[in-house]
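To convert a position in the sequence shown, counted from 1, into our numbering, add 95. Ideal Cβ positions, reconstructed from N, Cα and C, are used throughout, including at glycine.
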Amino acid sequence: AFGADAPSLDASMPDDAPSRDASALDAAVEPDAFVEADAGSDAFVSGDAGPSLPAITDPTPHLVPASADGHDRLYDVVFAPDSSFYVVGVRAAGTDAATNDFETIVGHFTPSGDLDTSFGTGGWFVSNLAVGLGGEIARSLDLQSDGRIVVAATVEHVAVGADPRDRDVAVFRLDTDGTLDDTFGTGGTVLLDLSDGEAIPAPGTGYAADGAWNLVIDGTDRIVVAVQVKRTGATDTDFGLVRLSPNGVLD
């Protein structure tokens, strides 16, 4: 049992328990060692007899633009058995969030880090899952046993008269060639409206709505999505888990 019925811990020490000699502890600590850090430097521990640290060389990033001149944001990466890897995120046509609608992107890269141009269109699957302004965020993806790619995203709630801040959860699946798999859900996508969004009253700010944060696939290819849901009768959000069958049916 764990919790209130769990046994209490005995804080007493038996008389024959081993003890540490304080002088041995002192000897184990280099008395001249210190932590040095200042603005613009890396923190490190040094001492009179310590080894010298190698020079730190800044890495050169491998830049792969997903849009011509807009914001590109990648949120997750997953490796395939052949050491190639898939990434997921969003892109926009420009840098003004007030006027640019984000699109979901999934890319495939070779083990050497080159874009696999045989995947999707030029290496990318691109889709505006829901029309809105900056609300679409694809945060997670995973692979099923046959290599098909499943993605979870937060998307704008699209309905007549809907608050533009309201959100839903979308899960979609791609074939290994980067095309939408229309055998999954409805036309390749499962849309989950888990709660009705609501503005947070003053003195609070913001809007409480659904959202997707992570996705994993279990050993039988079922899909589990970690979500946030607006709590009934309140304006805060609770966490939730949603499980789908391998083909996108709510389990």
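With a threshold of 16 other beta carbon atoms within 10 Å, S340 falls short and is exposed.
Taking each of G314, L287, D258 and L289 in turn and checking the Cα distance to I295, the smallest one comes out for D258. With distances taken between CA atoms, V226 lies nearest to D261 out of D261, D291, V159 and T315. Of the residues Y302, G256, D241 and A265, the one whose Cα lies closest to the Cα of D272 is D241. Contact between Y181 and V201 holds, with the beta-carbon distance rounding to 6 Å and staying under 8 Å. By the beta-carbon neighbour count (other beta carbons within 10 angstroms, threshold 16), H157 is exposed.
Inclusion of L224 and V264 in the CB contact set at 8 Å is not warranted, their separation being larger than that value. As computed with DSSP, W308 is found in no beta bridge at all. Here the alpha carbon of V159 sits roughly 38 Å from the alpha carbon of V255. DSSP places H203 inside the beta strand (DSSP E), whose first and last residues are E198 to F204. Looking only at S290, I151 and L275, the smallest Cα-Cα distance to T199 is reached by L275. Partner residues in the beta bridge of L345, as assigned by DSSP, are L339. Taking Y302 as the centre and dropping the five residues before and after it, the same chain places the C-beta of D258, R260, D261, G292, E293, A294 and I295 closer than 8 Å to its C-beta, in chain order. For P298 and L336, the gap between their C-alpha atoms comes out near 30 Å.
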